[in-house]
Each structure stands twice: as structure tokens, then as C-alpha cells.
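The next block holds one structure in the form of C-alpha cells; read it before the comments.
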Amino acid sequence: MGDPPPDPEPPSQPTSSRRSSQVSERRHSRELSRPQVSPLVPEELQQIPLGPQILRGSQEAPSNQSNLRGWPQRASLTPNENLVFQAEDPYVNPGFPAEVQPQAYLSEGGLQASQNGSLMLQQVQQSEGSLFQQLESTYQGPAADLPGQFTMYQREDLPLSLGTQHGPYMRDDPTLQFSPSELGFMSFNMELPEPEPRELAVQNAKAYLLQTSINSDLSLYEHLVNLLTKILNQRPEDPLFLLESLNRTTQWEWFHPKLDTLRDDPEMQPTYEMAERQKALFSRSGSGEGEQEMEEETAESPVPNIMEKAFYFEQAGVGLSSDESFRIFMALKQLVEQQPVHTCRFWGKVLGLSRSYLVAEVEFREGEEEAEEEEVDEMTEGGEGMEAHGEEEGDEDEDKAPDIVPKPTWKPPPVIPKEDSRIGTNRYLYFVCNEPGRPWMRLPHVTPIQIVQARKIRKFFTGYLDAPVISYPPFPGNEANYLRAQIARISAATHISPLGFYQFGEEEGDEEEEGGAGRDSYEENPDFEGIPVLELVDSMANWVHHTQHILPQGRCTWVNPLQKTEEEEELGEEEEKADEGVEEVEQEVGPPLLTPLSEDAEIMHMAPWTARLSCTFSPQYSVAVVRSNLWPGAYAYASGKKFENIYIGWGHKYSPENFNPSLPAPIQHEYPSGPDTIEMSDPTVDEEQALKAAQEQALAAAEEEEEDEEEDEDEDQDD
Amino acid sequence: MDAESLLLSLELASGSGQGLSPDRRAALLTSLMLVKRDYRFDRVLFWGRILGLVADYYIAQGLSEDQLAPRKTLYSLNCMEWSLLPPATKEMEIQTSVVRGRFMGDPSHEYEHTEPQKVNDGEKAFEEEVPIDKAVAVIPRGALFKTPFGPINVNRTFEGLSLSEAKKLSSYFHFREPVELKNKTLLEKAELDPSLDFMDSLEHDIPKGSWSVQMERGNALVVLRSLLWPGLTFYHAPRTKNYGYIYVGTGEKNLDLPFML
Chain Y
0 MGDPPPDPEP PSQPTSSRRS SQVSERRHSR ELSRPQVSPL VPEELQQIPL GPQILRGSQE
60 APSNQSNLRG WPQRASLTPN ENLVFQAEDP YVNPGFPAEV QPQAYLSEGG LQASQNGSLM
120 LQQVQQSEGS LFQQLESTYQ GPAADLPGQF TMYQREDLPL SLGTQHGPYM RDDPTLQFSP
180 SELGFMSFNM ELPEPEPREL AVQNAKAYLL QTSINSDLSL YEHLVNLLTK ILNQRPEDPL
240 FLLESLNRTT QWEWFHPKLD TLRDDPEMQP TYEMAERQKA LFSRSGSGEG EQEMEEETAE
300 SPVPNIMEKA FYFEQAGVGL SSDESFRIFM ALKQLVEQQP VHTCRFWGKV LGLSRSYLVA
360 EVEFREGEEE AEEEEVDEMT EGGEGMEAHG EEEGDEDEDK APDIVPKPTW KPPPVIPKED
420 SRIGTNRYLY FVCNEPGRPW MRLPHVTPIQ IVQARKIRKF FTGYLDAPVI SYPPFPGNEA
480 NYLRAQIARI SAATHISPLG FYQFGEEEGD EEEEGGAGRD SYEENPDFEG IPVLELVDSM
540 ANWVHHTQHI LPQGRCTWVN PLQKTEEEEE LGEEEEKADE GVEEVEQEVG PPLLTPLSED
600 AEIMHMAPWT ARLSCTFSPQ YSVAVVRSNL WPGAYAYASG KKFENIYIGW GHKYSPENFN
660 PSLPAPIQHE YPSGPDTIEM SDPTVDEEQA LKAAQEQALA AAEEEEEDEE EDEDEDQDD
Chain L
0 MDAESLLLSL ELASGSGQGL SPDRRAALLT SLMLVKRDYR FDRVLFWGRI LGLVADYYIA
60 QGLSEDQLAP RKTLYSLNCM EWSLLPPATK EMEIQTSVVR GRFMGDPSHE YEHTEPQKVN
120 DGEKAFEEEV PIDKAVAVIP RGALFKTPFG PINVNRTFEG LSLSEAKKLS SYFHFREPVE
180 LKNKTLLEKA ELDPSLDFMD SLEHDIPKGS WSVQMERGNA LVVLRSLLWP GLTFYHAPRT
240 KNYGYIYVGT GEKNLDLPFM L
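Same order as they appear, the protein sequences are chains Y and L. For what it's worth, numbering that gives the first Met the number 0 labels the leading residue of the first sequence as 0, then goes sequentially. For what it's worth, numbering that gives the first Met the number 0 labels the leading residue of the second sequence as 0, then goes sequentially.
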């Protein structure tokens, strides 16, 4: 903080800048005042950087003070110079902003120094700002006077300063006193009133300060005005210490003025919009009968107690902050009101590049969602029907054409039908939104092919549901489908519960009918008493999966892809016969429902799950936390009779090896090579003639044989 | 994140889903105070948590007056007792780049790999932390300034980035010695302010797009997440002085990033 206020320094520069514009005058005045000036030169050179010296309380202060007092006398010394410089007045002021000459001129003949000194005196005398009063006063005395001088600066309008007797630039030296009249002629006789040199100096200095900087419209002068006004208005304690920060603040405020109250800050617009939307969350819907609503809500609401779960997860060090959790709770409430929801759960958060997804797992009430499903199915079936027609027509055309184009032997693999709602992978419906307050969007059901492809690719989510997923192998769908597929995979792999919380239904006869594929439904065990937390942490056998494992086929229950439905059989009978013998698909089996975690496969010698107590200091109150190593971001906690799963992460599986994208399929053969499709060279003339001769010989031989046979027959007949 | 504003920082960084449990927070607050006193640090940053299979490492860094001087790194298993991690040597760096896989959580666990020297889990922790730190420690533009004499100080008048600046990657710098600054063309350098722009910006990170910029909490918080080192979250509340970064993750680089973008 050793920077002195910049005020005193400019005067040295205007002197140098002025010098450059006044070469001719120098010569004039040189002639005039040479004998007087030379002894002054060394002293004046010292006097120029007067201000800083004074403020630093240097030892030269006394001499400088005497110098100062000497200036006004100096002013009267060289009237010719003054007059001469009067002519230059028009140049002086406007010319300044453009020129900032280095101080090389300081080293030149002493005349310049004196001239500039006189100019500055003129400026000082003519100064219009109390700022320059301060300049003078700073040059007057030691730094201790400064605070006193600042008090002068109480008004924003800068009054004209009267020419004061003392000025900053002169040394008190009686030998320097000359009367103007002794100096002789005046080269110019201008009509302007004779400005005293100090005033002129002040004007020049002020003009320099008013020049605007390259980057902005703000000039140093205005900035200092603002700064000092601010300081004087606010009167902070120890302003010198705060000077730097005040400096920056003033600058910033100049360029960022507070807009009027009528106009909103344009930058904050999206923030305000978001806040408005979230405010809508908090308003109660249908405000009419408050009491009845309260009763209804407390009775039964499908919205779970998010705050409680958030609390438990927080013990584990997982989860979003509490106000965010509350907002999610309000958003879920909104979802429940808008959709016919039977049960609802906060599934988690999937992070994306531009935006993230909050996912809610929802189960509709019976019969509610089928209407939408049918519409979707009709559309897809209609599309397929059109395609089938197209193929038939194409076949007919091809038969009519004389050239039979070889048909490709590649057939697309049979489409595996997706699972129905409420079964297997499509057991729950998922809604996503980007932020609480934004509308919830429903994700479509997942098809097996989407799951299969999702296993092969690895892409970040962008945050926009309709973004295409560009990958190889091409993903059949957009980001909404990819998200749904990943959600299905994560749910199947990481939704766990303590052993015994869920149990199978009591109908045991189902097992045989399903052909060993396992049960696919469970129900809560009313007798569940909770497993002690320590046991939960110790052994993975105390946790079970309660979602079905997804088979490699992409479904939870296996479907033989070769079993065609009736429609397909009609169309493809002929083809099927050709292929029957080739493919035999084995039934895919996965681990049954409610398998304990201890059966999970290891990842490269690494346990797939990590279990911890949430707090080692107080095991009796802590919560068992299980973290998945296969899907980083999947957590589950259990404490007493409560448990919950959550996923917060990027939505990708962990693999210790690098991701190897599938290579493109090998290039197919175009057509079977045969004599009619392979180019062969035409037979040459010799070959043709040889062939012809051979044919004639064969023909001749055949005729001879016939004749022989006829002769034999004739002979036989004769006999 | 600064140890002094730990609670607020954790709250703001919680958008990535990982944070600290209350008991850990309490332990950190007290122990980091003591660390600051014992090691005579100017500032102590809680760097983050490396998730191991058996236990987690908690990492803290201590800074001296000069913000860009090499930082001392401490680790702890229980947020109470902190030990200094030894500084990295080149050999160790090479060795740890070979060792792959997750952390165990046991500092004395030794990894085996083809080279005869074995690497300690503790050393590996440090080795992983150093490249992560070099790669992804982030600081907003204007938070530090460089004095003409060299040392870099915290800018006490930093009022935060504006909303429009906060969404641009160029307003954020790597919190480390600049590497690419000298490769800039003269034209670019002419626009830089030498007191503020003395570190590499995030804009030119390779691969492009390895940072995800998001606004959360209804536009009141800007969150940068690194996609190359998943788990690093940098948050900043625009127009306020709050900013910080935390790493909670497995300590592995996401080498599949080019496929995933």
C-alpha cells in the first residue's frame, strides 16, 4: 500500500507533453530568458517531481516549500513567455489528451523546465477545480496536511479556484524576481486575457487527467472524482487502507450502474424465472378447503417421506442437500397430483453434460396407463404393417422382371418382443425432470433390443431427452430410450433390500409352470423385524436383490425368438423352413429373484459391494450403508425396518478395463459366386472351332450308331 | 474447498450426490483447525475423499502465503489424525501409472504388478491425487492475483463472476503453474491482464468437452464437473465469493472419455 495518490504526479507529465508542441516558442523564450534560467535549471528539475517528494515527507520538503513560494514570483518574471504561450493556448488544452511524451525532455536545456513551470503556474491560477487547489496545497506543506485538504472536496461541482498566492512550482529565490516589464517585447498580442502561468499549468494538468483511457470512456479525472466523492460520503475508517478496494469498486460501479427499479437485470432473468417456477411448487393446489385437504393428505399419500430418506442417506455421506431434497419432495407431490399414481419413489439423479435428470419411479393405478400404451402400440404396428405390404409388392415386382436379382441372404435378427407393463423390466414407470419445478416427462417403456445395445455403448447424457445417441452399434432410440435402458439396468443390478424384507407370495405351484424361470413377484413381509446393523455390514448374504436380473436377451423372462406369432408364420413360411435346422437357441437363465448379494460375481478380484457403518463413533445409532462398486453411485441404506436405494451418478457401469467399442460387422458378400455372375473371358475362335468339330464328330458318331442299330434291327427282323 | 467455509461448501457441492456425513464434517472442522496450527499453513483446503474398497481416504491440502507454491498434502482415514503424504518422485509416478484398479483403503497395502518394485497404497493415494490435482483443480478468474514481485495472493475484493461469465469455461483457470500460457500467441496475450490471467484457462483442455458446465438450484449456482476425472465437482455461486472444489471418487481417470462424448 505504498502508492501515493496519483494526484501529484501528472503535473510532471503535462510539462513534458507540452514541450513537444511548443518547439518554436522555446526558441523564442530561450532568447528571452536564457540568462535567467540557467541557474534555475538544476533546481527546477528537482522541483518537477515535487508532489511525491513532499508527500513522502522527504528531506527536501523545506526547500521545496520555499520553491513553491517562489513560483508566483516566477510567474511574473517572464511575461513574454506567458504571452508567447498564450498564443499556444488553443493548442495547449486540446492537444494534451493525445500526447504523453516521455520525460526525455527533462534532460534538455533548462529552459524547457522553466517554461513548463510557468505554464503550470498559469494552469494553477486558472484552475477550475478544487482538485487543483489540493495540488497546490499538497505542494505547500508536508503530507500531514493532506487530510485537511480532502475536506475541501465536499461538493461535486468543482468551483472555480481563485488564483492563490502560493503555487506548487516555484522556489523562493529573490534573485529570480523580475518584473514583467523589463523583458521587452511581446511577440504576440492576443485578445484573450492574459492567463497567468499557473492557471495554464492547472488547465494543462487537468486536461491531461481528463483524457480517456484506451479501453473505456472513463478518464482518470472522473474516476478520482468518483472515488473521492465516495470516500467523503461514506467516511470509512482508515480510508488509506481501503483505498485499493474502493478504487476497484468505484471502477466497477461506473461500468455496472444500478439499473432503475423499473427494469430487471437482464442477467438474472433465468434465475428469477426458475425461482418463480419453484415458488409454484410451494403453493398449495386448490386452496379452497384447507382442512379437508390436510386430512386427505395425511391419510394416504403415495409420496414417500423423502426427507426421512434424505436424512439417512446424509448419514452415509450420500445425497443431495436438504433443501434440494425438499424441493424434490414438493415436485413429487406435484407429479402425484398430475398423474394417477399408485406408488411413487425417488429413484435418483442421473448427471448429464448440460443438465441432469431427476428420476422418479412410479407405479400407476390399475388400468390407468393402458390407454396410452395402446396408442403407442397401434402406431408401431401400423408401421410394421406398412412395411410388410411394401415387401410383398417388392417381391411381385421382382418376379416379373426378367433378370432375377440375387436376393440378399441376410435377415435381420428376429425382434424380441418387449415385456408388458408391470412385468420384468417394465415393472415401473419412470418420470424425469431436469429440476424441481420443471414439468415431469414420462419415459417410454424399454425394449430388449435397447438394453442389449445399451450394454455395448457408453455415452454421456446431455440432459435433453430428444437428443440423438450417436454411437456404434447404432442405438435404436434417442436419449430418452437410452436413459430408460440405463435406469433399467441399474435397477436390476443395484436394488437391494435386507434379507427377509420381501418374501415370495404363498402360491408355490407357480414354480413348475414357469419352467424354472423363477418367480417374478414378491410382497412385503409383515413379520420382518429388521436385521442388526452390524450383521448387515458384515455379511453380504443379508442383502438380497429384489429386482429381476436382466438376461442377455434384454428381458427378464426368456422368450424364444424363433417362436413366431401367427402373423409372422404366414409371411415367412418358406424362409423358415430353410433356416430351421440352423439355429437353436438355448434358454437363458439368470439368478432368481431375491438372491443374496454374496452370490454376485466379482469384478476382477474386487468385491462388487462395499458395506460400511455410517458412523464408527456410535455404532448403536448408525446405519448400514452399502455401496456398489459395479455401478458407482448406487447406494443403499438399512436401519431397523427401513431401507432405501438411491442412485446418483453418471449412469455408467464400472469396468476395470477400457471400453472397447464393437468393431463394425465384416463386409457381407454381395452375392454367391456362380458361373452366371462371374465374369469369364469369352472363348477364342480356335476354341470355338475345336468345340464345333468335337460336336460334329459326336454327332457323326451318334448317327453311325443309329444306323448300326437299325441295321441290327433289320437283320433281326429279317430273321 | 476452504476449511473455513466447509459447511457452506459442502452444501453447495452436494449436487453431485456425494458429500460427507455429519460426523465426518464435525471431525473435519476441528481437525483441520489443528492441522492449520500445527503445520503453520496459511490456508487449509479439504481436497476430497478417495473411495477405497475397504476404507476411504480423506485428503487435505495446506497452502502457504504464495498460493501457487507446491502444496503439502495430508491424508487421513478417520478425519481426525492427519499424516503427511510424501512428495512425489518421478519413479513413483511412473510406477503408479502402471498400477490400476481401485484403492484398497489400507495405506500399507501393496500392489503387485510386473515391475519388481511394489507400490504402497499410501503412495498410490498420493500419486493419484497429484495428477488429479494438477489436472482439475479449478479456480475462477479473479480470485487470485499476482503481485509484481511474484507471490500470488488471494484477492480480497473478488466479488464473484457475473452470470454471463460464469457460464463460460474461459473464466476458470487451473489452479497450478501455467503450462500453456507461454504458447499463446501474442495477440491473445495482449488481451490478458497479467495480474489476473497468469494461469491456464479451462477452455483449451484436451479433449474438448471434458468439462460439464451446469447451472443448478435454479440458476443460482454454477457447477463444473470434470468428465476426465469423474468425481471432481467445482461450484461457484455467481456474484458471491463462494467457490470451491471437491473430489469424491475412486481416483481413476476416465480413459473412455472420447467414446463417451
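The C-beta atom is built at its ideal place from N, Cα and C for all residues, glycine as well. All of these numbers come straight from a predicted model, not from anything done at the bench.
Got a sec? Which residues, its chain only, sit under 8 Å from residue 4 of chain L by beta carbon, not counting five neighbours each side?
Here residue 4 of chain L is taken as the residue at index 5 of the second sequence, counted from 1. In the same chain as residue 4 of chain L, and ignoring 5 residues on each side of it, the C-beta atoms closer than 8 Å to its own belong to 241 and 243, in chain order.
Using the three-state DSSP reduction, which class does residue 148 of chain L fall into: helix, strand or coil?
For this step, residue 148 of chain L is matched to residue 149 along the second sequence. Under the three-state reduction of DSSP output, residue 148 of chain L falls in the coil class, being neither helix nor strand.
Does any CB atom of chain L fall closer than 8 Å to the CB of residue 493 of chain Y?
For the purposes of this step, residue 493 of chain Y is taken as the residue at position 494 of the first sequence. False, the Cβ-Cβ gap to chain L never drops below 8 Å.
So if I threshold CB-CB distances at 9 Å, which residues from the segment 438-464 of chain Y count as touching chain L?
Answer in chain order: 456, 457, 458, 459 and 462.
Can the beta-carbon of residue 213 of chain L be found less than 8 Å from the beta-carbon of residue 354 of chain Y?
Along the second sequence, read from residue 1 onward, the residue named residue 213 of chain L stands at position 214. Along the first sequence, read from residue 1 onward, the residue named residue 354 of chain Y stands at position 355. Yes, Cβ-Cβ distance for residue 213 of chain L and residue 354 of chain Y is below 8 Å.
Listed by chain order, chain L residues near residue 616 of chain Y by CB distance under 7 Å
Reading the first sequence from its first residue, position 617 is the one you call residue 616 of chain Y. For a Cβ distance threshold of 7 Å, residue set 22 of chain L lies close to residue 616 of chain Y, ordered along the chain.
Please identify, using Cβ separations under 7 Å, the residues of the segment 33-46 of chain L that lie next to chain Y, in order along the chain.
Listed by position, the residues of the segment 33-46 of chain L near chain Y (Cβ gap below 7 Å) amount to none.
Of the choices Y:440, Y:427 and Y:446, whose alpha-carbon is the least far from that of residue 414 of chain Y?
Residue 414 of chain Y sits at position 415 when you count from the first residue of the first sequence. Nearest Cα to residue 414 of chain Y within the set Y:440, Y:427 and Y:446: Y:446.
Which residue marks the beginning of the beta strand (DSSP E) containing residue 222 of chain Y, and which one marks its end?
Reading the first sequence from its first residue, position 223 is the one you call residue 222 of chain Y. The continuous stretches of beta strand (DSSP E) do not include residue 222 of chain Y, which lies in the alpha helix (DSSP H) extending over residues 219-233.
Can you tell me which of Y:526, Y:653, Y:451 and Y:620 puts its alpha carbon nearest to the alpha carbon of residue 311 of chain Y?
Reading the first sequence from its first residue, position 312 is the one you call residue 311 of chain Y. Distances from the alpha-carbon of residue 311 of chain Y to those of Y:526, Y:653, Y:451 and Y:620 put Y:620 closest.
Endpoints, beta strand (DSSP E) assigned at residue 645 of chain Y
Within the first sequence, residue 645 of chain Y is the residue found at index 646, counting from 1. Bounds of the beta strand (DSSP E) holding residue 645 of chain Y are 641-648.
Could you check where the beta strand (DSSP E) with residue 635 of chain Y kicks off and where it finishes?
For the purposes of this step, residue 635 of chain Y is taken as the residue at position 636 of the first sequence. First-last of the beta strand (DSSP E) with residue 635 of chain Y: 633-638.
Starting from residue 225 of chain L, follow the alpha helix (DSSP H) in both directions and report where the run begins and ends.
Start at 1 with the first residue of the second sequence, and residue 225 of chain L comes out as number 226. Secondary structure note for residue 225 of chain L: it is in no alpha helix (DSSP H), and the uninterrupted beta strand (DSSP E) holding it is 220-225.
In terms of residue numbering, what span does the beta strand (DSSP E) encompassing residue 138 of chain L cover?
Sequence index remark: in the second sequence, residue 138 of chain L carries index 139 (1-based). For residue 138 of chain L, the enclosing beta strand (DSSP E) has its first and last residue at 137-139.
Those residues which DSSP pairs with residue 58 of chain L across a bridge:
Start at 1 with the first residue of the second sequence, and residue 58 of chain L comes out as number 59. In the DSSP output, where bridge partners are listed per residue, residue 58 of chain L has L:47 and L:74.
Is there a Cβ from chain L that is less than 8 Å from the Cβ of residue 532 of chain Y?
Start at 1 with the first residue of the first sequence, and residue 532 of chain Y comes out as number 533. No, no contact with chain L.
Run through chain L and tell me which residues come within less than 7 Å of residue 434 of chain Y, C-beta to C-beta.
For the purposes of this step, residue 434 of chain Y is identified with residue 435 of the first sequence, where counting begins at 1. For the C-beta of residue 434 of chain Y, the chain L residues within less than 7 Å are, from N- to C-terminus, 217.
Got a sec? Which residues, its chain only, sit under 6 Å from residue 200 of chain L by beta carbon, not counting five neighbours each side?
Here the question's residue 200 of chain L lines up with position 201 in the second sequence. Result list for residue 200 of chain L: 169 and 172, in chain order.
Identify whether residue 627 of chain Y lies in helix, strand or coil by the three-state DSSP scheme.
Counting from 1 along the first sequence, the entry for residue 627 of chain Y is found at position 628. DSSP places residue 627 of chain Y in strand when its eight states are reduced to three.
CB contact below 8 Å: residue 255 of chain L versus chain Y
One-based indexing of the second sequence puts residue 255 of chain L at position 256. Proximity of residue 255 of chain L to chain Y, defined by a Cβ-Cβ separation below 8 Å, is satisfied.
Assigned secondary structure, residue 362 of chain Y (DSSP; H/G/I helix, E/B strand, else coil)
As a first step, residue 362 of chain Y must be located in the first sequence, where it is residue number 363. Reduced to three states, the DSSP call for residue 362 of chain Y is strand.
Sub-8 Å separation of residue 260 of chain L and residue 459 of chain Y beta-carbons:
Residue mapping note: residue 260 of chain L aligns to position 261 of the second sequence, counting from 1. Residue mapping note: residue 459 of chain Y aligns to position 460 of the first sequence, counting from 1. Closer than 8 Å, so yes.
So residue 224 of chain L contacts chain Y; which residues on that side make the cut at Cβ distance below 8 Å?
Numbered from its first residue, the second sequence carries residue 224 of chain L at position 225. Here the neighbours are 350.
Residue interval of the alpha helix (DSSP H) (run including residue 27 of chain L)
For this step, residue 27 of chain L is matched to residue 28 along the second sequence. First-last of the alpha helix (DSSP H) with residue 27 of chain L: 21-38.
With 7 Å as the limit, tell me which residues of the segment 645-667 of chain Y have their beta carbon closer than that to any beta carbon of chain L; keep them in chain order.
Shown in chain order are the members of the segment 645-667 of chain Y whose Cβ falls below 7 Å from a Cβ of chain L: 647, 648, 649, 655, 657, 658 and 660.
Quick one: grab the DSSP three-state call for residue 326 of chain Y.
Reading the first sequence from its first residue, position 327 is the one you call residue 326 of chain Y. The answer is helix: DSSP assigns residue 326 of chain Y an H, G or I state.
Please list, in chain order, the chain L residues whose beta carbon lies closer than 8 Å to that of residue 247 of chain Y.
What you label residue 247 of chain Y is simply residue 248 of the first sequence in a count that begins at 1. The contacting residues are 156.
Is residue 430 of chain Y helix, strand or coil when you go by DSSP?
Your numbering for residue 430 of chain Y matches position 431 in the first sequence. Of the three classes helix, strand and coil, the one that applies to residue 430 of chain Y here is strand, per DSSP.
Best match in L:50, L:13 and L:57 for proximity to residue 31 of chain L [C-alpha to C-alpha]:
Position 32 of the second sequence, counted from the start, is the residue given in the question as residue 31 of chain L. Of all alpha-carbon atoms in L:50, L:13 and L:57, the one lying nearest the alpha-carbon of residue 31 of chain L is that of L:57.
Counting pairs of beta carbons, one from the segment 304-319 of chain Y and one from the segment 20-35 of chain L, are three or more of them closer than 8 Å?
In the pairwise beta carbon analysis, the segment 304-319 of chain Y is classified as touching the segment 20-35 of chain L: at least three pairs are separated by under 8 Å.
How do the segment 31-40 of chain L and the segment 67-87 of chain L stand: do at least 3 beta-carbon pairs fall below 8 Å, yes or no?
Yes: at least three Cβ pairs fall under 8 Å.
Helix, strand or coil at residue 455 of chain Y according to DSSP, with G and I counted as helix
Against the first sequence, residue 455 of chain Y aligns to sequence position 456. Here residue 455 of chain Y sits in helix by DSSP.
Residue 232 of chain L lies in the beta strand (DSSP E); which residues open and close that run?
By 1-based counting over the second sequence, the position of residue 232 of chain L is 233. Per DSSP, residue 232 of chain L is one residue of the beta strand (DSSP E) stretching across 231-235.
Does residue 231 of chain L have its Cβ less than 8 Å from a Cβ in chain Y?
Here residue 231 of chain L is taken as the residue at index 232 of the second sequence, counted from 1. No, residue 231 of chain L does not count as interfacial toward chain Y.
By Cβ distance below 7 Å, which residues in the same chain neighbour residue 629 of chain Y in space, the five residues on each side in sequence not counted?
Locating residue 629 of chain Y in the first sequence gives position 630, counting from the first residue. Taken in chain order, the residues that qualify are 492, 602, 607, 652 and 653.
Given a cut-off of 8 Å on the beta-carbon distance, is the pair residue 449 of chain Y and residue 480 of chain Y in contact?
Taking the first residue of the first sequence as position 1, residue 449 of chain Y is located at position 450. Taking the first residue of the first sequence as position 1, residue 480 of chain Y is located at position 481. In this structure, residue 449 of chain Y places its C-beta atom within 8 Å of the C-beta atom of residue 480 of chain Y.
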